[in-house]
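The opening position of the sequence shown corresponds to residue 16 in this note's numbering, with each subsequent residue numbered one higher. Cβ coordinates follow ideal geometry from the N, Cα and C atoms, glycine included. Here is the structure we will look at, set down as structure tokens.
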Amino acid sequence: MIEEVVVISPRGFCAGVARSVKVVEDCLRIFGAPVYIKHAIVHNKTVVHDLEEKGAVTVESVSDIPRGSIAIFSAHGSPPAHYAEARDREIRVIDATCPLVAKVHIEMHKFLKDGYRVVYIGHKGHVEGLGVIGEAQQYGQEIPVIESVDDIERLPYGAEEKIAMLTQTTLSIDETRDLMKALHKKFPMIIEAPAQDICYATTNRQQAIRALAEEVDIVLVVGSQTSSNSKRLQEVAQQKGCLTYLIDSAEEIKKEWFSGVKKVGITAGASAPEYKVQEIVAQFVAGGAKYREVEVIKENIYFTEPIELMKIKNGGI
Ligand code: SF4
């Protein structure tokens, strides 16, 4: 029988996700449905579904947005070409790109302007990386995406070249550290962005799950398979030797996972809504488990809304 369910914080919505969800809700209130969103506003099935119920329409490309509509660009960021296409189609863009992703775009520009070759540590094909790499188009540079030490070995640059590295915001801290070390070894002159690109929310949630995995028999990570930061949480707990499942909701839980299990740990990826965590907790508590909340790190970060939305709320056009 499950004796205890331990829920850790920080978990769930980060400041960037909270901001982008609020942007969609505000736009629906101000403009009415439909409001178009380019790419899933955040990588979570429940959040996307809940907003679509309210009138948001998720599309994958700017060409799917009707000319002259209101469109929100997702938290993951977009390449400059998408903004240009929206301008051509007279689409009014409300940009929900997380400020911490926008920071990586700015760093990319700065390095390219200063004549560096840039390498990007991230997941190939991930929408955040595609946005950041898209910045390089105007400089005529192709940015290699690094996922492994083999990718580093294949880089055709000389040891003395001017090279800079950037990273995706939601990577595993440990794996990224290893890749950064390998890059420093192969290119002794390589430079990094002035501040770490892996964001505070990724770092804090990984640190918290590491502590959780040490004291429970099984960890449930609430989040979607498409969520990079949620998948990294699962990997971090697994690397600690803890049985770990990534689930969107209580309905996905299977009885056979809990044979011999006494303590269950729960956390949530940065895009997973709290009510899905509470539904799971309620299920265990109803079965007789005690509930304990553990705060590993205190988080107190908020982002202001996008400037375009602020102007509209203040009576601008
Ligand atoms: Fe921004 Fe980090 Fe949240 Fe991504 S995980 S939206 S970078 S705060």
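Query: Which residue's Cα is closest to the Cα of His54: Val22, Gly47, Ala297 and Val63?; Result: Val63
Query: Residue range of the beta strand (DSSP E) that Val231 falls in?; Result: Counting along the chain, Val231 falls outside any beta strand (DSSP E), and DSSP gives it neither H nor E.
Query: Go through the residues and name those whose CB comes closer than 6 Å to any heavy atom of ligand 1, in chain order.; Result: Cys29, Ala30, Gly31, Val32, Ala90, Cys113, Leu115, Val116, Thr184, Thr185, Cys214, Ala216, Thr217, Asn244 and Ala285
Query: Please classify Ile121 as buried or exposed, where buried requires at least 16 other C-beta atoms within 10 Å of its C-beta.; Result: exposed
Query: If you follow the alpha helix (DSSP H) that Ile262 is part of, which residue opens it and which one closes it?; Result: No alpha helix (DSSP H) contains Ile262, which is instead part of the beta strand (DSSP E) from Leu258 to Ile262.
Query: Could you tell me the boundaries of the alpha helix (DSSP H) in which Phe88 lies?; Result: No alpha helix (DSSP H) contains Phe88, which is instead part of the beta strand (DSSP E) from Ile85 to Phe88.
Query: Just tell me which of Val164, Asp165, Thr259 and Pro171 has its CA closest to the CA of Glu157.; Result: Pro171
Query: Along the chain, where does the beta strand (DSSP E) containing Ser24 start, and where does it finish?; Result: Glu19 to Ser24
Query: Near Ile262, which residues of its chain fall below 7 Å by C-beta distance, leaving aside the five closest residues on each side in sequence?; Result: Leu235, Val237 and Ile268
Query: Assign Glu150 to one of two classes, buried (16 or more other C-beta atoms within 10 Å of its C-beta) or exposed (fewer than that).; Result: buried
Query: Would you identify the three-state DSSP class for Ala33, choosing helix, strand or coil?; Result: helix
Query: Given that a residue counts as buried once 16 or more other Cβ atoms are within 10 Å of its Cβ, and exposed if not, what is Ile233?; Result: buried
Query: Using only alpha-carbon positions, find the residue among Ser78, Val39, Lys201 and Ile206 that is nearest to Ala96.; Result: Ser78
Query: Do you know whose CA, among Thr217, Val160 and Ile87, lies nearest Arg107's CA?; Result: Ile87
Query: Secondary structure at Thr182, three-state DSSP: helix, strand or coil?; Result: strand
Query: Looking at the structure shown, is Asp189 part of a helix, part of a strand, or coil, going by DSSP?; Result: helix
Query: What are the boundary residues of the alpha helix (DSSP H) that includes Ile295?; Result: Glu289 to Ala301
Query: Let me confirm a value: Arg132 is counted as buried when at least 16 other C-beta atoms fall within 10 Å, else exposed. Which label applies?; Result: buried
Query: Is the segment 267-286 close to the segment 311-329, with three or more CB pairs under 8 Å?; Result: no
Query: Do Glu176 and Met195 have their C-beta atoms within less than 9 Å of each other?; Result: no
Query: Excluding the 5 residues flanking Trp272 on each side, which residues of the same chain have their C-beta closer than 8 Å to its C-beta?; Result: Ile233, Leu258 and Tyr260
Query: Assign Thr217 to buried or exposed, taking buried as 16 or more other Cβ atoms, counted over all protein chains shown, within 10 Å of its Cβ.; Result: buried
Query: So, are the CB atoms of Arg34 and Ala101 less than 9 Å apart?; Result: no
Query: May I have the straight-line CA-CA distance separating Lys118 from Glu40, to the nearest angstrom?; Result: 24 Å
Query: Does DSSP put Tyr98 in a helix, in a strand, or in coil?; Result: helix
Query: Hey, could you find the ends of the alpha helix (DSSP H) Ala111 is sitting in?; Result: No alpha helix (DSSP H) contains Ala111, which DSSP labels as neither H nor E.
Query: Is the distance from the Cβ of Gln285 to the Cβ of Ser245 below 9 Å?; Result: Per the sequence shown, the amino acid found at residue 285 is Ala instead of Gln. Cβ distance < 9 Å, so Ala285 and Ser245 count as in contact.
Query: The beta strand (DSSP E) with Ile52 in it runs from where to where?; Result: Val50 to Lys53
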